[in-house]
Every structure is written in structure tokens, then in C-alpha cells.
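Trainee: For the sequence shown, position 163 matches number 584 in this note's numbering, and the numbering has no gaps at all.
Beta carbons are placed, not taken as given, at the ideal position from N, Cα and C, and that holds for glycine.
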Amino acid sequence: MYESSTSMTRAFRLDNQPCLLHIPEKPNGYLVLYLGDSGHYVEDNQAFWLEHPERSKFIHYLLDKGYTLFTSHLYGNAWGNKKSVHLLNQLYQHVRRQVTVNPYIHVVAEGMGALTALHWQEKHNMAFRSLTFFTPCLSLKALYEQEQMNQLYFKRFKKELAQSYEVDENHIDHEIINNYQMPETSSPVLIFHDVANPYYTVHNHSRRFEEQQQEAEHTVELKLAIQPILPRVTSTVLQFLRSYESTLEHPY
């Protein structure tokens, strides 16, 4: 456990995975899950988002506004697999026992973290207040097909995916990719997508997700952006979060 002038952070482990719970000085009763991209580590007393200047400013801004935040390493580059989703659900239940917060949470996720959050919602029927995504990965199939064009990175990604989903590398296409469906959500979504990002292209991820959400008549807003996205959009995110806090019950 360590403290700053305005908040306290509890560091703990679940299934040997580092987790962090940030408690503001004056809690507003709302909980925010933040999840990073592949390679965005969480350690026992530190995290990539806390060490990165722009992301750290964003985290502390939310804390200053009274939000309680939590995150976890979730087995690293797990790509939204069942194990990471199960642990995330356990973490949420643990946090609910530690602090007094509204059960309907906000989610802020970047890259791979968006996939994990959506898989969690699908698996456990989570009712999120809102979802804010930064250059999200929203389709494993699109990413897999794109990576096939670069054999150097594809071999590493294929091995990583096989380990995460516990399948033979030779069976990935049949068991994961061929029948993969882009996740959808009834929760309101705000997306900021870096148009210059070559890994998660806006066309294959956010734009297709936007079209899918609109067809289902779900709330979604896609904003095309250039780096640095944070902290420029911080006030916009806060306004989005607050727009779904008019009731303590299910917000939509």
C-alpha cells in the first residue's frame, strides 16, 4: 500500500497476478476499470499507465474527481481469453468487497484491453455505465489476418494467441479465427482512434464496430484522433462518464 497527496493505492495479487486499487481522497461512489494494451504491464506497486506521463495525468485527473479505479496484469497478453475474463470478474467482486461503490461501473481501455472488457461483459452479463476506448483492438480475426502479411511478427503473435487460448498453433484458424465474431455491447461507447496506428487500423476495428453498434441501435461515438490523444481528451471523457451518472440504478 502507498499513498499520494490525494489518493491511496492498495497493491495485491489474485491468482498471483498483480492488481491495483486506487482510492481517492473524496470518493464520488463510482468505479472505473482501466485496462491497457498488450505490453502494458501491471506490477506489485506500479503500472505502465502510472509511469507514462500522459496516461498518469489522466488517472490522477479521475482520482481528483472522486473516481475509484482498479486494474490488473491479467496474465499479460491474454487477448481476452477465458482465464483473463474469469480473473477480471473475480477482481471486480473483490473490489466490491473492499470499497463502497455503485455496482454499475465505467470502463476505460486501450488496445487489447477493450477486447478483454467486452468479452467480460458478454461472459458475465456485466452492466457497464459506459465504455471509453483508446485505439481499441475489437476484432481478433482482423488483427490475425493483418499480421499474416508480416511473417516475422505473425509467428510471435500466433504463438502468443495459441498459448493464451490453449490451442495448438496449427488449429488456431479452425478453433478461434474462422468462427470469431466481433463483440457487441448495449452499453454506451466513446472511441478515440489514432488514425495513424498501423496495428489496430480504424477501418478494421473501430469503424466496423461503430457500424455494428449502429445497426443494433446501440449508442456509439467514434472520434478520429492523432497522438497524443491524452491528456487532450480528458475533459471530454469526464463529460461522457458524467452523462451516464444521472441515476444510481441501471443507467440505460
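In whole angstroms, give me the CA-to-CA distance for residue 455 and residue 491.
Mentor: Taking the straight line joining both Cα atoms gives about 6 angstroms.
Trainee: Can you look up residue 533 in the DSSP assignment and give me helix, strand or coil?
Mentor: Here residue 533 sits in helix by DSSP.
Trainee: Output the boundary residues of the beta strand (DSSP E) element that contains residue 442.
Mentor: It spans 438 to 445 - the beta strand (DSSP E) in which residue 442 sits, taken as one unbroken run.
Trainee: According to DSSP, simplified to helix, strand and coil, what is residue 597?
Mentor: Residue 597 falls in the helix class under three-state DSSP.
Trainee: Taking the beta strand (DSSP E) that residue 432 belongs to, which residues open and close that run?
Mentor: Per DSSP, residue 432 belongs to the beta strand (DSSP E) from 428 to 435.
Trainee: Using CA coordinates, which residue listed in 437, 432, 472 and 481 is at the minimum distance from residue 446?
Mentor: Here the closest residue by C-alpha is 481.
Trainee: Quick one: Cα of residue 616 to Cα of residue 591, how far?
Mentor: So the two alpha carbons sit approximately 33 angstroms from each other.
Trainee: By the three-class DSSP mapping on this structure, what secondary structure does residue 526 have?
Mentor: Coil, per DSSP.
Trainee: For residue 625, which option in 637, 560 and 653 has the closest C-alpha, if you only look at C-alpha atoms?
Mentor: Of the candidates 637, 560 and 653, the one whose C-alpha sits nearest the C-alpha of residue 625 is 560.
Trainee: How about residue 658 and residue 529: are their beta carbons less than 9 angstroms apart?
Mentor: In this structure, residue 529 lies closer than 9 angstroms to residue 658 by Cβ.
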